[in-house]
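Mapping of the sequence shown onto the numbering used here: residues 236 to 1226, in sequence order. Quick reminder that beta carbons are idealized off the backbone N, C-alpha and C, glycines included. Since we're looking at a predicted model, the values are computed, not measured. Accompanying notes for the structure given below.
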Amino acid sequence: MTGIDFHSAGLFAAEVTEKTPSSVSGWTILLIILAVFVVPFALGVFIANALKMKDYAKKIGIVLFTAVIAATPFVWQVTHGHDWRDAIRLGIDLAGGSNMVFEVDESRSEKELSNEVMDQMVGAIGRRINPSGTEEVTVRKVGQNRIEVIVPGADSEDVQRIKSLITRLGSLEFAIVANRRDREHADAVARALENPEKKDIRDKEGRVIASWREVKGEDNYEGVDQIVARPFTREDGTQGEEVLILIEPNEDRRVTGKYLVRASQTTDQNGAPAVRFVFNAKGGSLFGQLTSKNRPSKDGFERHLAVLLDGKVQSAPSIRDTISTEGIITGRFNQKEVNELLNVLNAGALEVPLKPEPVSEFSISPLLGSDVQEKGKQAILIAAFAVIVFMLVYYRFAGLVANICLTLNLLLVLGCMSFIDATFTLPGLAGLVLTIGMAVDANVLIFERIREEKARGSSLRMAINNGFSRAFTTIVDANLTTLIVAIVLYIIGTDQVRGFAVTLFIGIVMSMFTALYVGRLIFDIFERKRWITDLKMMSIVGTTNVDFIGKKMIAAIFSGALILIGLIVVVTRGQENLDIDFTGGTMVTFEFEDQQEIDDVRGLLQGPFNNSLTLEQLELSNDPGSEGRFFRLRTTLNDADAGENKEKATDTIRGKLNEAFGDPEHKLRKVTMEYGDVKKLTGSEESPGGTEVSLTFSGEVKTSTIDNYLKEAIADIENADGSDKYDRIPEFQLQGVADSKEEEADKRFKKMTMQAGPDLLEADLKTALAAMQTEMATTAILDEVNSFDSSVASEMQESALLAMLISLIAIVAYIWFRFQRITFGLAAVAALVHDVLVVLGMVALGAYLSDTGLGVILGLNDFKINLPMIAAFLTIVGYSLNDTIVVFDRIREVRGKNPALTTSMVNDSLNQTLSRTLLTSITTLIVVLILYAIGGEGIHGFAYCLVIGVIVGTYSSIFVASPVLIWLMNRPGSATARATEQSQKRASISN
236 MTGIDFHSAG LFAAEVTEKT PSSVSGWTIL LIILAVFVVP FALGVFIANA
286 LKMKDYAKKI GIVLFTAVIA ATPFVWQVTH GHDWRDAIRL GIDLAGGSNM
336 VFEVDESRSE KELSNEVMDQ MVGAIGRRIN PSGTEEVTVR KVGQNRIEVI
386 VPGADSEDVQ RIKSLITRLG SLEFAIVANR RDREHADAVA RALENPEKKD
436 IRDKEGRVIA SWREVKGEDN YEGVDQIVAR PFTREDGTQG EEVLILIEPN
486 EDRRVTGKYL VRASQTTDQN GAPAVRFVFN AKGGSLFGQL TSKNRPSKDG
536 FERHLAVLLD GKVQSAPSIR DTISTEGIIT GRFNQKEVNE LLNVLNAGAL
586 EVPLKPEPVS EFSISPLLGS DVQEKGKQAI LIAAFAVIVF MLVYYRFAGL
636 VANICLTLNL LLVLGCMSFI DATFTLPGLA GLVLTIGMAV DANVLIFERI
686 REEKARGSSL RMAINNGFSR AFTTIVDANL TTLIVAIVLY IIGTDQVRGF
736 AVTLFIGIVM SMFTALYVGR LIFDIFERKR WITDLKMMSI VGTTNVDFIG
786 KKMIAAIFSG ALILIGLIVV VTRGQENLDI DFTGGTMVTF EFEDQQEIDD
836 VRGLLQGPFN NSLTLEQLEL SNDPGSEGRF FRLRTTLNDA DAGENKEKAT
886 DTIRGKLNEA FGDPEHKLRK VTMEYGDVKK LTGSEESPGG TEVSLTFSGE
936 VKTSTIDNYL KEAIADIENA DGSDKYDRIP EFQLQGVADS KEEEADKRFK
986 KMTMQAGPDL LEADLKTALA AMQTEMATTA ILDEVNSFDS SVASEMQESA
1036 LLAMLISLIA IVAYIWFRFQ RITFGLAAVA ALVHDVLVVL GMVALGAYLS
1086 DTGLGVILGL NDFKINLPMI AAFLTIVGYS LNDTIVVFDR IREVRGKNPA
1136 LTTSMVNDSL NQTLSRTLLT SITTLIVVLI LYAIGGEGIH GFAYCLVIGV
1186 IVGTYSSIFV ASPVLIWLMN RPGSATARAT EQSQKRASIS N
């Protein structure tokens, strides 16, 4: 049977963990609940009664409730003595964070390291520490056996939690506990007792059939149901217990976490936190066979099932019946442990173990300098203010309503993002203001519909009612298509894309709520109280009669030429189109003798590296005085191909650094080395028959730094014929010798001991040490010279592209359903593809022209596609789709039940929606042009994409989507074509 809760009794019963005293009193919690859930509705009733509009009490209460919920994170910060802005988590570019590099523990690894294994490790770690995709965390491969993790704005407690999540193996396994009664266990038990020093027990064929596993906690299994157990001493000196578990020799028949579908929180029989798991069909079958085979004997003897987490026995409940697809893991969990365990299990086990402590750990200062941040923030504020002023001037009272809705929309979005602990980068904050500009669209649609109703002679109340009713379908259709995109991107996309999808989803939902619900409520109250008797609005665009479709050939030639030119430039530039986020490259950490300003350092590096770099200011976690001395440079110079290319990349970087910092004011730190006599080892477990040498340095250095220098020196050793002597670097070990607690804490040492294996000849070791000594005496010390992968691995790029493809299919399907014709969906997708290709080409063209006079006038830079630009591309897709759906909805309305689709119908629809199209474009352009003009380099590329995207999106809804729709609908032989032909004949006869 399925779904049986298995738990242990007696000694195995789960115990409720001791509760941590709460710092918040029960009365405070009660007051908070009342303030959030009761006060808004009570206030709604009070306001409705005061207005003598009792039937509006619930609506007012709902609006106040949403506002209070959204404001809660900010109020909470203020009431606890913090700044309200602390509720908004800032990204690495604005607030800095923590940078850690973890190394694979190859001594504990049972798998051979490969690119595929490391890519799987990167994916699993990313899912563990950023399951929602909203936290702007970077996880990427560094070198061959290291993984870099960058976490924005993390404090020391968060860092420790993240370390635990990263290094935890995350393996889940179920196995039978050996007992002394069953004959099937006898051979394994006998072999285990005969060889107590061996952890893994093998049969005659050398297969592992049993293993001693540590029992987590203080459970005592010895003597219970004849379980085979023994005491043992842990590494920290405490006493514990091990039990013998049976191992299935056939790996394919083992019940492990690889069959896990999902893990979720539940409670055990005592109400304590527990974890519920669900297997897939194969896992359920294997689990069912395992538990069925080990059900209680006829005399009532019960066997025990070990639940192993990270190789340790979490619990060993009795098996009382067959269990297949699901069950519950119990045992002394507190809430924090359950949350971490769920993240780990749902993310998947690590393919190979990591060392428990990072080989490198730094605090990072904000990536953007203070000047760049200030420019970006000022541009964002000015852009938001400009939209508000424009709406107020153009629509007057209706503009005031729109601004109230926009303000509430902003509060709701920020509140939701705060609740889910989302991270805001500078482009993210700019995107938030862009959301305001785009949220105006719904208000403009409604106001223009009200204008049309008033022009027909409707009363104000009727105009408001009909305006909202007629705009409702259009707004829902336009936003639902974008919501479908957001949902697909979240389910299938990468972490980076998922974060954008969450923001997009929240922004659209809140925009619809504020425009359709809150805006309608305000209009109804003011109209019914007679506080307004008319709605006066400006009118930039009056009644027009432009033959847009008649210009389709000109538009087609223009679009085709623009796309062709752009794609030629894209192909010509090749890899130069991509930023470090997608190319990877080389990173190096260097140290100055004196403190430096990051803006000065970046300015000196931009010349030698042609602006193709990113720079991070680092600070040792245990040394606040190191601020301003340590920096990490990342450049697209790629050393991933290894061999000579890697050496050339490293040498090139060293040369460029010497070129950049040649003056005395920017002197890089040098560390010299002395080494003792090379001694032969008589034999040791680590390096049997090898050599040992003591190294002494003039200053503290990391073992990983010296490891890099040694490997480089050994790789340079040649045979007599000039060929490389070592195809593979021989294994060696470096051990730091700490002279102080500070050295031990920072993992930087003045003394080290090196032990090399017999594969490295003594003469070659001396040659390498001498070369290394010379190198260090003449050049600055460079830490962590290593290759690093892109932030988006190749399989993640494929996943993102797949998500986009499925999104397009979903768009076609939805529009097909809503408009009853697939041609509407195909025409909309044609416009999207057109827009993306044009913007992509314009990014490359802008970069190509950046060094010309025209480029300087237009503020063009050497734009490269990075993650913020991908977010801009996705925003353009949403904007363009929104524009197109509005036009299509009017075409559907104008066409009615007429089977034909004529040029005049489409022209009429385009002219009727022209005012709305231009107004939405103007408000959005106001935002993006301000961001582009004065926002600074932090959002320059992002804003450039959006400027082009808004213009192209507006153009394509008129000159691409509509002509394509007519062509598809009236293709030869179709029913619509015949109906259109007849309609045109009737029109010519009547004329």
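- Contact holds between the stretch 1145 to 1163 and the stretch 773 to 793, because three or more Cβ pairs, one in each stretch, are under 8 Å apart.
- According to the DSSP assignment, K937 belongs to the beta strand (DSSP E) that extends over 926 to 937.
- N334: member of the beta strand (DSSP E) spanning 332 to 338, first to last residue.
- Proximity to I1057 across R403, R763, L1203 peaks at L1203, based on C-alpha coordinates.
- In this structure, the alpha-carbon of R530 lies about 35 Å from that of R363.
- Our two residues, S446 and D393, have alpha carbons roughly 35 Å apart in a direct line.
- In this structure, I436 and A423 form a Cβ contact; the two beta carbons are roughly 6 Å apart against a cut-off of 8 Å.
- Beta bridge pairing from DSSP links Q500 with V510.
- H317 carries a coil assignment under DSSP once its states are collapsed to helix, strand and coil.
- Taking 8 Å as the cut-off, the Cβ atoms of V823 and V1020 count as close.
- Secondary structure of G971 (DSSP, three-state): strand.
- Where P275 is concerned, the enclosing alpha helix (DSSP H) starts and stops at 274 to 286.
- Fully enclosed alpha helix (DSSP H) runs of no fewer than 4 residues occupy 754 to 763 of the stretch 739 to 803, in order along the chain.
- DSSP, reduced to helix, strand and coil, places K547 within a strand of the structure shown.
- Separation of E762 and S746 (C-alpha to C-alpha, rounded to the nearest whole angstrom) is 23 Å.
- For the options I1193, F817, L1043, G331, the alpha carbon positioned closest to that of T871 is the one of F817.
- By the neighbour-count criterion, in which 16 or more other beta carbons inside 10 Å mark a residue as buried, G518 falls on the buried side.
- Shown here for T502: same chain residues with a beta carbon closer than 8 Å to its own, the five before and five after excluded, namely P508, A509 in chain order.
- Under the three-state reduction of DSSP, R403 is assigned to coil, being neither helix nor strand.
- Assigned with DSSP and collapsed to three states, D898 falls in coil, not helix or strand.
- The shortest C-alpha to C-alpha distance from K905 to any of L428, F896, N954, M1011 is the one to M1011.
- Per DSSP, G1088 is not a residue of any beta strand (DSSP E); the alpha helix (DSSP H) it occupies stretches across 1088 to 1092.
- Here the alpha carbons of G506 and L718 stand approximately 39 Å from one another.
- Secondary structure note for R696: it is in no beta strand (DSSP E), and the uninterrupted alpha helix (DSSP H) holding it is 695 to 727.
- Within the stretch 351 to 381, no run of alpha helix (DSSP H) at least 4 residues long lies entirely inside it.
- Rounded to whole angstroms, the Cβ separation of F844 and K891 is 6 Å, and the two are in contact under 8 Å.
- When rounded, the separation of the alpha-carbon atoms in L540 and F512 is 15 Å.
- Counting along the chain, V1068 sits inside the alpha helix (DSSP H) bounded by residues 1057 to 1083.
- The Cβ-Cβ distance between L647 and A305 falls below 8 Å.
- Put simply, the backbone Cα of F827 is about 48 Å away from that of I722.
- Judged by DSSP secondary structure, G1184 falls outside any beta strand (DSSP E) and instead within the alpha helix (DSSP H) spanning 1175 to 1194.
- When the beta-carbon positions are compared, M987 and G971 come within less than 8 Å of each other.
- Setting aside the 5 residues that flank it on each side, A895 is surrounded in the same chain by L839, L840, P843, each with a C-beta closer than 6 Å to its C-beta; the list follows chain order.
- Taking C-beta atoms as the reference points, V675 and V298 fail to come closer than 8 Å.
- In the DSSP annotation of this structure, the continuous segment of the alpha helix (DSSP H) that includes N574 starts and ends at 570 to 582.
- In the three-state scheme derived from DSSP, where H, G and I count as helix and E and B as strand, A1135 is classed as coil.
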